[in-house]
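Top line first, the protein sequences correspond to chains A and B. Quick note: the first sequence uses this note's numbering, first residue 1080, plus one each step. Quick note: the second sequence uses this note's numbering, first residue 246, plus one each step. Just below is one structure, and these are the notes that go with it.
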Amino acid sequence: MTPLAELDDLNVRFGRGTDATHAVRGVSLHVMPGEVVCLLGESGSGKSVSMRALMRLLPPQTAITGGVRVEGQDVTRMSGKALRNLRGGQAAMVFQEPMTALDPVYTIGQQIGESVQRHLGVGRSAARARALEVLELVRVPDAARRLDAYPHQLSGGLRQRVVIAMALACRPKLLLADEPTTALDATVQIQILVLLRALQRELGMGMVIVTHDLGVAAEVADRVAVMYAGQIVEQGSVRDVLNAPQHPYTRGLLASVVRQGGAEIQAIPGAPPDLRRPPPGCAFAPRCPWAIEPCHAAIPEERLVGPGRTARCIRVGEQLAA
Amino acid sequence: MSTALDLRDDRGGPAQPMLIADNLRKHFPIAGGGAVRAVDGVSFTVAKGETLGVVGESGCGKSTLARLLLHLIVPDAGELVFDGEAVGDPGGIDLMDLRRQAQMVFQDSASSLNPRMPVRDSVAFGPLVLGRSRRQAAAEADETLRRVGLDPVQFGPRYPHELSGGQKQRVNIARALALQPRLVILDEAVSALDKSVEAQVLNLLATLKRQLGLTYVFISHDLAVVQHVSDRVLVMYLGCVAESGPAADVFATPLHPYTRALLASRLSMNPDRRVEQAPIGGDPPSPANPPSGCRFRTRCPHAEDVCAAAVPAPPNWIGHQAACHMLHPGSGHSAAPAAAGAPG
């Protein structure tokens, strides 16, 4: 089966000369149809940039190398019509901040209808009917009335449902979501996650979710790719990665989850490297309690540590004391 | 810098709460009539040396509450007592004095630092204003920077844009501590940080509290963090206190349906035990137009007529209590205990 989406040794550099930031450093990832993949990482780890590369949403002067394919088509060579067809048609995106993702001067119905008219080539009334359909699909209460509402008239949770409805309006095969619940309240976040999971199953979409939150990954992901300093350091099924992390960074991340009782949290010391001057070796080595000399010398290759499971660490497989 | 609580400042003695808030109220008028009822009758006490966690969703009034506590905004009604002295009262504590003894750390570490001021000067600013010499203020700033884990030689001359988010927040903590406060109000102080950095800053805050005998009011939307740091917890919903009590009790046996929903909304962290159904629907309503009676009733699975008709009694200062008709004997709710004298 061909993957729905594929990144092949993706490299992304912003800026020029000595100040160029090497934001993504050799990311390879595939998403199968109907699969939910979580890109998990902290700010600056390259997770959003990798996802944007899939839709070719990075600024034109960005230096990108490597393969980007959606449904077997080379996204890097797409132009004009193919690109418009990709964005919002084959693949659609849900952003973090629902208020800025919506246009404040158009009604909900107009905004959803616009993309339907463009992509499906239907008239205004058919587009409006489709808008109503997707609003009901995302469980917006009283959907018919909301069609004529403006974004500011909706609560944060409803706005995010509208953004999701808009993304689903043209029946994409791939849904990309960048921190879709980070701006939402706790009681609303869980509603949206449960909804995304249900929709993904009902519609059989492939989904990529970018998140910094292990909890979000645990709730929705089939597979997790943990990113650090522009690289995927560990990849595997969500169960394997969360229950038996292999890479020291993943282990540190899981250990630094706040626990009850006020005891000292096992924080990872230090901070991620400056990607204008990434270290020659493993990017995590300066913070890693198990780092040995070779770790600092060369970037570790991705090692296969189980079926569908990789880790970029030369010491995986050794017994490392916690 | 003194390492223990400065005894000259401890005016009320150990039994006097650091802070008493009694029925605080702040409404912000809206052009064209009405008001946002941001804080609507909030009472609590903070004992010396304890951490009070304030938790709630957006619009619940927790940031307005933080600003009220430092008198950065003036309450419409209610009383605030800092270590036995009234705040905002001609006979009470001087505001300059209050703001030396009580300091605040904000969520956005970048916008709360002056971008054109080196870190050392930012931290030295408070002591300078309080009359220290330039040299002494700089020395105190260096000492405070060291305390928060930043080498003053390396970081002192830097500007905020040269720091990471975690480092900036350490500078903000240093700036708050430079005045040797006794109470620190942390308003979503770790919310914007990455998880690994958040853990570092939480550990730092715990160490500082121990070393300096500080009292914290820790405001956050993150239940796990609040549970981790708090001795007592105040759960807020739409400007009112829904529940308050010792942190261990509130998290182990939540009384208010809202607290229960909040706790049930936590992500499982376990792919085999995913949350199957969201515990409650909808969003919090607007504080400009809160529901009558109990403010949670529009989302509460147990709401009855009485919940719309009467406002439940707010939690008292002590013990573990919740503002819910189901807990108050004789309230008229079908789940309320019988009115036979049992305390509510």
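Every residue gets a Cβ at the ideal spot worked out from N, C-alpha and C, and that includes glycine.
- One alpha carbon belongs to P402 of chain B, the other to L424 of chain B, and they sit about 20 Å apart.
- Chain-ordered, the chain B residues with CB closer than 7 Å to the CB of S1234 of chain A read D528.
- Comparing alpha carbon positions, the residue from A:P1365, A:R1148, A:R1356 closest to T1097 of chain A is A:R1356.
- About 4 Å separates the CB atoms of L500 of chain B and A567 of chain B; that is less than 8 Å, so the two are in contact.
- Take the alpha-carbon of L343 of chain B and the one of P426 of chain B: they are about 9 Å apart.
- Contact between the stretch 446-460 of chain B and the stretch 266-282 of chain B is not established, with fewer than three Cβ pairs separated by less than 8 Å.
- In the same chain as P259 of chain B, and ignoring 5 residues on each side of it, the C-beta atoms closer than 7 Å to its own belong to K293, in chain order.
- About 5 Å separates the beta carbon of V1289 of chain A from that of S1127 of chain A, a gap short enough to meet the 8 Å contact definition.
- Under the criterion of beta carbons closer than 8 Å, Q352 of chain B and L428 of chain B do not qualify as touching, at roughly 18 Å.
- Within 7 Å of the CB of G1315 of chain A, no CB atom of chain B is found; the nearest one sits about 12 Å away.
- Beta-bridge pairing by DSSP links P491 of chain B to B:R477.
- Remark: C-beta atoms of A581 of chain B and G298 of chain B do not approach each other more closely than 8 Å.
- If you draw a straight line from the Cα of E1397 of chain A to the Cα of R1382 of chain A, it comes to about 13 Å.
- Residue pairing for E1313 of chain A: DSSP places it in a beta bridge opposite A:V1305, A:A1390.
- Burial state of G336 of chain B is exposed, judged by a 10 Å Cβ sphere holding fewer than 16 other Cβ atoms.
- Contact between L1133 of chain A and L1254 of chain A is absent: CB atoms are separated by about 11 Å, not below the 8 Å threshold.
- Chain order gives the chain A residues near V520 of chain B as I1269, V1273, E1298, where near means a beta carbon separation below 7 Å.
- The shortest CA-to-CA distance from V470 of chain B to any of B:V486, B:D432, B:L459 is the one to B:D432.
- Proximity of chain A to G411 of chain B at the Cβ level (cut-off 8 Å) is accounted for by A1350, in chain order.
- Looking from the CA of E549 of chain B, the closest CA among B:R365, B:S436, B:H578 belongs to B:H578.
- Between the alpha carbons of M1286 of chain A and L1275 of chain A lies a gap of roughly 9 Å.
- Nearest to L1165 of chain A by C-alpha distance, out of A:S1194, A:M1178, A:T1144, is A:S1194.
- Approximately 7 Å separates the beta-carbon atoms of P1351 of chain A and Y1307 of chain A; this is inside 8 Å, confirming the contact.
- Contact with chain A is absent for V486 of chain B, since none of that chain's Cβ atoms lies less than 8 Å from the residue's Cβ.
- Here E1298 of chain A has L1272 as same chain residues with Cβ atoms under 6 Å from its own Cβ, once five neighbours each way along the sequence are excluded.
- Annotation for H1198 of chain A: the continuous alpha helix (DSSP H) segment containing it runs 1187-1199.
- Between A1362 of chain A and Q1310 of chain A a beta carbon distance of about 7 Å is seen, short of the 8 Å cut, so the two are scored as contacting.
- Shortest Cα-Cα distance from L408 of chain B to any of A:D1353, A:G1105, A:A1376, A:V1395 involves A:D1353.
- For R1318 of chain A, the residues of chain B that pass the 8 Å Cβ criterion are P516, D517, in the order they occur in the chain.
- Between the stretch 258-276 of chain B and the stretch 463-482 of chain B, the count of Cβ pairs shorter than 8 Å is below three; the stretches do not touch.
- Residue state for M571 of chain B is assigned as helix, using DSSP reduced to three classes.
- Taking 7 Å as the Cβ-Cβ cut-off, the stretch 293-307 of chain B approaches chain A at E302, S303, given in chain order.
- As the crow flies, the alpha-carbon of V1091 of chain A is around 11 Å from that of Q1140 of chain A.
- Contact between D1319 of chain A and R1394 of chain A does not hold, since their C-beta atoms are separated by about 18 Å, which reaches or exceeds 8 Å.
- Under the 8 Å criterion on CB atoms, K454 of chain B is classed as non-interfacial with respect to chain A.
- In this structure, the alpha-carbon of M1172 of chain A lies about 31 Å from that of E1380 of chain A.
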